[in-house]
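Since the structure comes first, as structure tokens, the remarks are kept for the end.
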């Protein structure tokens, strides 16, 4: 079974290579009756667009989305929604020499062995450009979730070791989109930016941690025992190229705690059951418990760096060196953040339909 | 869509409640011709069995597995393999009072709201007992992977903050199964054991970190872009009740590194392409790269503790307290470890068939 | 991908061989709160049971079903419902000689080639005994559909060319279960019975046509463009070993008609839209239209006959002859009818959940 | 779960409405290394194109296909292959009046009720135009199957009761594409053509039967017990809007036979096991047996006819009449035939990969 389809009730299929004709997605399972226009998608795409600031790649793609089907008179029809973005600005020449010299921590080597023949230009399908389809589909998922009052927030929790501590929801809402690293604390944002620019200057890159929060998720999303909500979120985030770790609630910190410290005590507030703490991150037994869903993804430093690196020549089967040219992000955190949000939105929309919170045919 | 089926080419469906008649699994997609007997399954089940040491629950279940179908004259037939374990030793009386008082960090609350009517005895389907089916199926996956030379190792990397550093494969093979906490360093194992017994005495519990290593995985397992090998592993592990975080290779540490530090340089050794380091954890672009697959799972402290805890009364909708009786593990790490191995084995077997390394019909 | 799972929202996985330990099924996706006992299942199983009359095989199986999970205090819990029937009465000795001499129109030959090693006793997994799992699961589907007022009827429309014409729903309800061939016309039933007994005497067998009718199906079941309701029904019925053709509404007769004859005119009756005729069989564009769903399945004559037949010796690769001993049905129509009903019920239950008519978590 | 994806190992997702921007398909699971160009697709699309003869609709669509991804330097890359056809020639004005007057035997009524809001122009998604995606994908499946030597043939077996009897494979190869009705007997083809033109003159339409034959299918395709090869073929064909019945081998005729007549005797020819007759249609126990796969689909007369028909006004909920204008096929058999071939090819390609006959990653 191939792997370019995600979700079961709200299901997306993506396609397209970095330097091919287009990248796109087909969304199947969006109920009829949702107001939807290209501007709804474009807003989210603009957040992941290259060349949006000095800390991102300068590839000059406008990423203009076109809706080809499934929307009529401004509303979805329940039919598959096909959307695409034509690739406009790319230069494949720097990749010619890389064809036989796999870039460290890139997929060149594994694609070469697995597929034999593959589109190596700009990383092909393994490029971060693939995530255009995710964000495009995620924009619809977000609109659908908004009908249930669900809101998804994301912010740069940490970049190259510089992190923010406890942060108020209000600060994320207010600040995260107001600075180029998408940090919810404006002072730390400045430090993060400097750290990225320092790495850029060195021909290097840095990683970080993205935190996502979903608010107003009702009790009941998630299908035990394998399609637990946190299990599906985990897969969703780990399927993003740059992500190397995922945790929910207390996450790896939970491993260091005692049960009496980690357990979230229940209490009643205005007739609603809540928990005093949220170490479980809003999921109990794989099912949302009504508290905010809090997840974090570890983002590795961008693999494409200008610094010379050791590699091999796959034709001659001998050691070699490369220095990667082209346009690259010195830190992918600010641009991968909307991708992470999109993936979380896709999982929640899928599970909201699966659990019966959204009618699958029409709103 | 319900959630009790896992995998696509090597697919399992589990069932059963903690205090119900039986727990079991149907494995569909195992090729014909694999030698298989109940003893192969029993060996793995005995590793997750309760009452195996002083650090585990004392529920006296022998967990004897029965194969009902799909095996003939000692070999698999390509047909579904149904296996079950009848529940023998359980006492549901302590759970009667818990029915309306959800245990903190357990699924009682979410099941009550989502399903209305559910089997609350012993945690029902949300009990760790559910994992019998996983280990049962995982034993077959391991045998199948052995045909490709793939070996899966697991060890307790950390318990309540007490951890082992870099550890040799040979030490894991030699030591991990020789001590009751399954630590590969016998001295640290002793400390971990003491830590668990201390928590037990306090009526409390502790968490930890499990590390898994898969050796000899060929280049090519994993289906971009969503069914990446690490994405599926991540889901597999996160679907285990006690797991709150998953990371591969450098994981969350990668977030703190520079690209030049995190990238794994390629080199040629005896005509084979390898990497000098393994920060990627054996997966590049979602596809195995021939290096060991290294993943870690954060395991939370057991939620069931004797200490009094705050909760709510769901009938009266008011605050309440509980103290959980019954037989519980003061630390689930030693027993969840074979479950984690099973889940990794299931993902690898699934992807080995999906990628064409194992013929789906017959060996 | 293996093939022993059917359905997506209401999903069943079956297992078991004719002469193995047991045959069974796991039903995943039945909402919580449905009253269910073993007697509900047993009633349907008794309808497909062998040795129920002179026109069926005399294998003395009582087919006693056991529910292992997913039901608590008489109601479903939303968790997988595992059910099994232990095999009691079988004699594998007649099959020993058949092992290398594939029975014409049986699966012996294809299983031998595809799987190499398989359980050939009594036809193994390819035996009609496999359908125990279908009927077991179908019984639950029927109970679930009854909550929507949906009723499923089946009757023997034709046996060895002896057929009934237009038949009233009331006659099916009244007569079909009152005679051993399950014909809705008691006079024709007698003729059908004689025809079967004649074939039996000759050491031969006969085929027939089963007709199924689903009443009170609401408008809206079916997911275009591939998972159309009629497409899924077609697969469901064709997956039964003995079925060689499926048609809906006018079916193959439609091919001989003009559009003006075949089109079903709409009209309004008491504020509800209906059609004057039902050539479409209750499905338009793959979606139920509120009219009765009418489908027919062509059932081949039982392949196992006593008469000598030409075959080959697979070891010696040369021509050979066989005469099949053992207990066989001279006509499978009466016993395959409840299986067909079960498959239709499974498809309708699946689509009722998929289309939002039944809440997936709880009734 | 939505329904616009078909297949599991070779998986297609289609989208697009009749009068929308484009119709298209994403093919996921085609191995890398297959030579593929737009001309390969165009050839098949031209066979289903409107306005190809006097017996087809005159809508002037050129149906020019564009490949957007998954093909590089003339060969597939193992990545999803996105293809689309922009809609050029359509006039939605005649449909405005039909919006509230559902056309008999069309999906207007069921879409209106199920989705509330839908694209009713030209039948929208329920139009035969949807099948462009199927034929587009089927062209790739055919090329892939050719690598195994598998050939798929189709011919018009019957039109409005005028049928051809036993027909030689050679005649199908030679004649079927040489006449506008795609009949393998040129004399009967003439009569069929006249019959269609007569109906056209009357403002009416006629139906027919399509026969498909797959040659050189190896033994072993098909996954018991639900994903039997014939079950999946049945679904594939029944999912086509105009198809009302499907049969394999002797099909409905088998229902009238005795076992001794219907059973296909095995014999050995040049070391290969064959059958003397082919009543089973090349499938035993759901698995291909090496004989030609022979299936037939009943095609209803086109629902859109000029003659006045009874219908209802959905707004006023009262009886009404309509006469359908626009461009329609007086008989859809000639154009649905390539669609049927495509669906058969898709099922065979899917099962060839699933059964291990084609490597899923690369040729």
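Chains as they are written, first to last, in my numbering: chain A, 723 to 1085; chain B, 723 to 1085; chain C, 723 to 1085; chain D, 723 to 1085.
Even glycine gets a Cβ: it sits at the ideal position worked out from N, Cα and C.
Query, Result
"Taking 8 Å as the cut-off, does the segment 868–884 of chain A touch the segment 915–931 of chain A (at least 3 CB pairs, one atom from each stretch)?", "yes"
"When you compare the CB of residue 1083 of chain A with every CB in chain C, is at least one pair closer than 9 Å?", "yes"
"Sorted by chain position, which residues of the same chain lie with C-beta nearer than 6 Å to residue 769 of chain C's C-beta, five sequence neighbours on each side aside?", "1060"
"Using a Cβ-Cβ cut-off of 6 Å (strictly less than) and excluding sequence neighbours within five positions of residue 1064 of chain A, which residues of its own chain qualify?", "856, 857 and 860"
"Taking the C-alpha atoms as reference points, what is the distance between residue 939 of chain A and residue 736 of chain A?", "27 Å"
"Between which residues of its own chain and residue 791 of chain D is the CB-CB distance below 8 Å, once the five residues before and five after are set aside?", "801, 802, 803 and 804"
"Hey, does residue 800 of chain B have any beta-carbon neighbour from chain C nearer than 9 Å?", "yes"
"How do the segment 965–977 of chain C and the segment 1035–1055 of chain C stand: do at least 3 beta-carbon pairs fall below 8 Å, yes or no?", "no"
"To the nearest angstrom, report how far apart residue 842 of chain A and residue 754 of chain D are at their CA atoms.", "13 Å"
"In three-state terms, what does DSSP make of residue 789 of chain B?", "strand"
"Tell me residue 805 of chain C's beta-bridge partners as DSSP assigns them.", "C:747 and C:789"
"If you draw a straight line from the alpha carbon of residue 810 of chain B to that of residue 771 of chain B, how long is it in whole angstroms?", "13 Å"
"Using beta-carbon positions only, say whether residue 1071 of chain B and residue 1080 of chain B come within less than 9 Å of one another.", "yes"
"Residues in the same chain with beta-carbon distance under 8 Å from residue 1082 of chain C, minus the five sequence neighbours each way, listed in chain order, please.", "731, 751, 753 and 1075"
"Mind pulling the chain B residues with CB within less than 7 Å of residue 835 of chain A?", "941 and 942"
"If you reduce the DSSP assignment to three classes, tell me which class residue 934 of chain B lands in.", "strand"
"Pop quiz: residue 740 of chain A and residue 871 of chain A are said to be a contact at Cβ under 8 Å. What is the actual Cβ separation, rounded to whole angstroms?", "With 8 Å as the limit, residue 740 of chain A and residue 871 of chain A do not qualify as a contact, their Cβ atoms being about 37 Å apart."
"Using 8 Å for Cβ pairs, my map puts residue 958 of chain A next to residue 966 of chain B. What's the rounded Cβ distance?", "That pair is no contact at about 16 Å."
"Classify residue 831 of chain D as helix, strand or coil using the three-state DSSP reduction.", "helix"
"Whose C-alpha, out of D:1069, D:778 and D:1085, is nearest the C-alpha of residue 948 of chain C?", "D:1069"
"Assign residue 944 of chain C to buried or exposed, taking buried as 16 or more other Cβ atoms, counted over all protein chains shown, within 10 Å of its Cβ.", "buried"
"Identify the contact partners of residue 1011 of chain D in chain C, using a Cβ-Cβ distance below 8 Å as the criterion.", "831 and 832"
"Is it buried or exposed, residue 952 of chain D, if we count other Cβ atoms within 10 angstroms and call 16 or more buried?", "buried"
"Grab the span of the beta strand (DSSP E) containing residue 947 of chain C for me, first residue to last.", "It is not in any beta strand (DSSP E) - residue 947 of chain C carries neither H nor E in the DSSP assignment."
"What are the uninterrupted segments assigned as beta strand (DSSP E) that are 3 or more residues long and contained completely in the segment 1023–1069 of chain A, given in chain order?", "1031–1035 and 1040–1044"
"What did DSSP end up calling residue 1020 of chain D once you bin it into helix, strand or coil?", "strand"
"Taking any Cβ of chain C, which residues in the segment 1055–1081 of chain A have a Cβ under 8 Å from it, in chain order?", "1076, 1077, 1078 and 1081"
"So, for residue 1022 of chain D: in the same chain, excluding its five sequence neighbours on each side, which residues have a beta-carbon less than 6 Å away from its beta-carbon?", "929, 964 and 966"
"When DSSP labels each residue in this structure, what does residue 1010 of chain D get in the three-state scheme?", "strand"
"Assuming residue 1055 of chain D contacts residue 955 of chain D (C-beta within less than 8 Å), just tell me the rounded distance between them.", "Not quite, the Cβ-Cβ distance comes to about 19 Å (not below 8 Å), so this is no contact."
"Please look up how many angstroms separate the CB atoms of residue 863 of chain A and residue 808 of chain A, rounded, as I've assumed it's under 8 Å.", "23 Å between Cβ atoms; not a contact."
"What are the uninterrupted segments assigned as beta strand (DSSP E) that are 3 or more residues long and contained completely in the segment 840–909 of chain B, given in chain order?", "873–881"
"Pick out whichever of A:1031, A:917, A:1001 and A:756 has its Cα sitting closest to the Cα of residue 1053 of chain A.", "A:917"
"If you reduce the DSSP assignment to three classes, tell me which class residue 955 of chain D lands in.", "helix"
"Under 9 Å between C-beta atoms, does residue 790 of chain A make it to chain D?", "yes"
"Along the chain, where does the alpha helix (DSSP H) containing residue 981 of chain A start, and where does it finish?", "981–984"
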